[in-house]
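J.:
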Amino acid sequence: MGKNECRTLSVARYAVIMYLTSTLFLIVGCDRKQEQAVLPVVTVAKVTQMTVPIYLNYVGTTLSVRSVDIVARVEGFLWERHFVDGADVKEGDLLFVIDPRQYQASLDNARGQLAKDEAALAYAREQVERYRPLAEKQFITRDAFDQYVTKVKEAEAVVEADRAAVKLAELNLSYCRMYAPSDGRIGQRQVDVGNVVGSTQGFGQTTGLANIVQLDPIYVYFSPTERDLPEILRKRNEGDLLVTVILPDESIHPYQGKVDFIDNTVDSTTATITMRGVVPNPEKTLLPGQYAKVRVLLTTEPNAIVVPEQAVSEDQDGLYVLVVGQDNKVENRRVVVGTTYNGMRVIEDGVKPGELVIMEGLQKVKPGSLVQTKLASSEDISKRPVVSPSPSKEVSN
Numbered sequence: 046m047g048k049n050e051c052r053t054l055s056v057a058r059y060a061v062i063m064y065l066t067s068t069l070f071l072i073v074g075c076d077r078k079q080e081q082a083v084l085p086v087v088t089v090a091k092v093t094q095m096t097v098p099i100y101l102n103y104v105g106t107t108l109s110v111r112s113v114d115i116v117a118r119v120e121g122f123l124w125e126r127h128f129v130d131g132a133d134v135k136e137g138d139l140l141f142v143i144d145p146r147q148y149q150a151s152l153d154n155a156r157g158q159l160a161k162d163e164a165a166l167a168y169a170r171e172q173v174e175r176y177r178p179l180a181e182k183q184f185i186t187r188d189a190f191d192q193y194v195t196k197v198k199e200a201e202a203v204v205e206a207d208r209a210a211v212k213l214a215e216l217n218l219s220y221c222r223m224y225a226p227s228d229g230r231i232g233q234r235q236v237d238v239g240n241v242v243g244s245t246q247g248f249g250q251t252t253g254l255a256n257i258v259q260l261d262p263i264y265v266y267f268s269p270t271e272r273d274l275p276e277i278l279r280k281r282n283e284g285d286l287l288v289t290v291i292l293p294d295e296s297i298h299p300y301q302g303k304v305d306f307i308d309n310t311v312d313s314t315t316a317t318i319t320m321r322g323v324v325p326n327p328e329k330t331l332l333p334g335q336y337a338k339v340r341v342l343l344t345t346e347p348n349a350i351v352v353p354e355q356a357v358s359e360d361q362d363g364l365y366v367l368v369v370g371q372d373n374k375v376e377n378r379r380v381v382v383g384t385t386y387n388g389m390r391v392i393e394d395g396v397k398p399g400e401l402v403i404m405e406g407l408q409k410v411k412p413g414s415l416v417q418t419k420l421a422s423s424e425d426i427s428k429r430p431v432v433s434p435s436p437s438k439e440v441s442n
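In this text, residue positions in the sequence shown follow my numbering: the first is 46, and each later residue adds one.
(1) Tell me the start and end of each unbroken alpha helix (DSSP H) in the region 157-194 that is at least 4 residues and wholly inside, in chain order.
(2) Let me know if Y264 comes out buried or exposed under the rule of 16 or more other beta-carbons within 10 Å of its beta-carbon.
(3) So V410 and V402 are supposed to be a Cβ contact under 8 Å. How far apart are they, rounded?
(4) Quick check: the Cα distance between A155 and C221, rounded to an integer number of angstroms?
(5) Mind the definition here: the region 218-236 touches the region 112-131 only if three or more C-beta pairs lie below 8 Å; say whether that holds.
(6) Less than 9 Å separating the beta-carbons of A421 and T93?
(7) Can you tell me where the alpha helix (DSSP H) with K303 in it begins and where it stops?
(8) Which of the three DSSP states is assigned to D394 in this structure?
(9) Which residues in the same chain as K329 place their Cβ atom closer than 8 Å to its Cβ, once the five residues preceding and following it in sequence are excluded?
(10) Tell me whether the region 98-105 and the region 203-215 touch, counting them as touching only if at least three CB pairs, one residue from each stretch, are closer than 8 Å.
(11) Between which two residues does the alpha helix (DSSP H) containing N282 stretch?
(12) So, is K338 buried or exposed, given that buried needs 16 or more other C-beta atoms within 10 angstroms?
(13) For the beta strand (DSSP E) that contains V369, what are its first and last residues?
(14) Helix, strand or coil for D294 per DSSP?
(15) Between the alpha carbons of Q371 and R281, how many angstroms are there, rounded?
(16) Going straight from the alpha carbon of Y164 to that of V194, what length do you get?
(17) On a Cα-Cα basis, can you pick out the residue from L332, Q147 and R177 that is closest to I257?
(18) What is the DSSP secondary structure of L342, counted as helix, strand or coil?
(19) Compute the Euclidean distance between the alpha carbons of A202 and Y168, then round it to the nearest angstrom.
(20) Nearest-angstrom Cα distance between G322 and V368?
(21) Nearest-angstrom Cα distance between V380 and S109?
(22) Would you mind sorting N348 into buried or exposed? The rule is 16 or more other CB atoms within 10 Å of its CB.
(23) Rounded to the nearest angstrom, how far is the Cβ of V116 from that of T252, given a contact under 8 Å?
(24) Looking at V204: is its Cβ nearer than 9 Å to the Cβ of D162?
(25) Is it right to say P299 is buried, meaning 16 or more other beta carbons lie within 10 angstroms of its own, or is it exposed?
(26) Give me the DSSP bridge partner(s) of M404.
(27) Determine the burial state of V174: buried for a count of at least 16 other Cβ atoms within 10 Å of its Cβ, exposed for fewer.
(28) Tell me whether N326 sits in a helix, a strand or coil according to DSSP, three-state version.
(29) Inspect the beta-carbon positions of E359 and M389 and report whether they are closer than 9 Å.
(30) Kindly list the residues whose CB is nearer than 6 Å to the CB of D273, restricted to its own chain and excluding five residues on each side of it in sequence; keep chain order.
(31) Could you give the DSSP three-state label for E376: helix, strand or coil?
(32) Contact check, N240 vs V119 under 8 Å by CB: the rounded distance?
(33) For I350, tell me which candidate among T314, V391, E199 and P145 has the shortest Cα-Cα distance.
(34) If you count every other CB in all the chains shown that lies within 10 Å of the CB of N243, and 16 or more means buried, which is it?
(35) Please state whether DSSP places S422 in a helix, a strand or coil.
(36) Identify the continuous beta strand (DSSP E) that holds N102 and give its terminal residues.
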């Protein structure tokens with residue numbers, strides 16, 4: 046092989062080496078640019094401070110403030126019904142009418158008997174006045190005059206009995222028309238029109254026709270443990286104990302109530318005490334017999350450090366948040382949490398106000414990763430699903 050051929054081969058090898066080297070540098074440079082371009086974007090929120098209420102949480106049962114059974118006080122055919130099952134009624138509304146004819150007749154008879162006996166009384170009194178001068182002049186014996194006086198007293202007693210009979214007849218007649226004793230919601234009728242209702246076996250044997258419950262306000266009963274009792278009593282001595290009702294769908298009843306009753310004895314079998322709150326219910330969204338969560342406000346914690354609830358995660362070592370530092374690097378921070386309020390979780394230890402925590406995109410990153418951040422606005426945070434308050438002290442009865 047000649048010198049020219051060797052030189053040509055060396056040039057060709059050099060060209061190939063240079064081509065491969067430049068290609069390698071281009072690939073590495075593109076990879077680095079691509080790596081910088083695909084940094085994950087996460088939504089972050091600032092650690093803030095706010096005043097947080099501290100609650101005790103229990104499971105309670107609602108009960109009507111007033112429940113009235115409408116019963117037939119007299120016997121007869123049920124003539125009329127003047128309500129729709131499940132309707133709201135006002136005090137004084139006519140509900141039922143029982144056939145009044147026999148009771149009207151009894152009243153008319155009692156009044157007639159009264160008039161007859163009043164006439165007899167008037168005659169007896171006239172007889173006494175007629176014979177009094179004769180008795181004084183001894184034209185008749187004293188015994189005969191006393192008989193006239195006795196007849197007056199007997200007639201007076203008969204009239205009093207007649208007047209009582211008239212009152213009883215009037216009362217029985219009034220029982221034929223049944224009115225709502227209070228405002229409330231009436232339940233399903235228990236007897237249809239046309240049936241015989243009322244007592245058939247003496248006093249106490251009555252026919253139930255319907256039931257009315259008062260819905261506004263409404264009671265909620267719950268049973269705190271004796272462990273919570275000292276705090277509750279201490280707070281009550283300072284003023285009203287406020288209660289909030291949370292419905293089964295986690296919605297919060299818009300009207301706050303207050304505790305109006307604490308039992309005088311702790312149940313030794315359950316170590317709990319019965320308490321009752323009275324809650325306004327003008328929209329009648331609460332019904333008797335419902336199970337609901339009950340929050341009792343104990344105090345408020347000012348300047349509590351909070352983060353959005355969704356920023357707190359949990360693994361086998363406990364709770365943590367992912368903090369984004371000034372260099373956009375992700376850090377795993379272990380935290381000690383407190384109560385939850387309006388979608389914000391109180392952090393008792395682990396973060397400081399002003400730091401950034403990741404609330405969306407947690408699955409995209411890991412500790413040590415570089416990220417791009419998007420700061421969530423207050424409107425964005427308020428639009429997140431709000432978890433119902435989860436008090437730091439929670440008891441189920």
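Heads up, the beta-carbon is just placed ideally off N, CA and C, and yes, glycines get one too.
Predicted model, so just to flag it, every value in this text is computed and none were measured.
T.: In this structure, then:
(1) none
(2) buried
(3) In fact, because the Cβ distance is near 12 Å, the residues do not count as touching under 8 Å.
(4) 17 Å
(5) Here the region 218-236 lies against the region 112-131, with 3 or more beta-carbon pairs under 8 Å apart.
(6) no
(7) Run containing K303: none in the alpha helix (DSSP H); it sits in the beta strand (DSSP E), G302 to I307.
(8) When secondary structure is reduced to three states using DSSP, D394 falls in the strand class.
(9) D133, R230, L260 and D261
(10) no
(11) Taken as a continuous stretch (DSSP letters only), the alpha helix (DSSP H) holding N282 covers L274 to E283.
(12) buried
(13) G363 to V369
(14) coil
(15) For Q371 and R281, the distance between alpha carbons rounds to 48 Å.
(16) The sequence shown places Ala at residue 164, rather than the Tyr named in the question. So the alpha carbons of these two residues sit roughly 16 Å apart.
(17) L332
(18) strand
(19) 15 Å
(20) If you take the alpha carbons of G322 and V368, they lie about 43 Å apart.
(21) 44 Å
(22) exposed
(23) 6 Å
(24) yes
(25) exposed
(26) In the DSSP output, where bridge partners are listed per residue, M404 has none listed.
(27) A quick correction: the sequence has Glu, not Val, at residue 174. So E174 counts as exposed.
(28) Coil.
(29) Not a contact, by the Cβ cut-off of 9 Å.
(30) L101
(31) strand
(32) That pair is no contact at about 14 Å.
(33) Ranking T314, V391, E199 and P145 by CA distance to the CA of I350 puts V391 first.
(34) Rather than Asn, the amino acid found at residue 243 in this sequence is Gly. Buried, since its Cβ has 16 or more Cβ neighbours within 10 Å.
(35) coil
(36) T93 to S109
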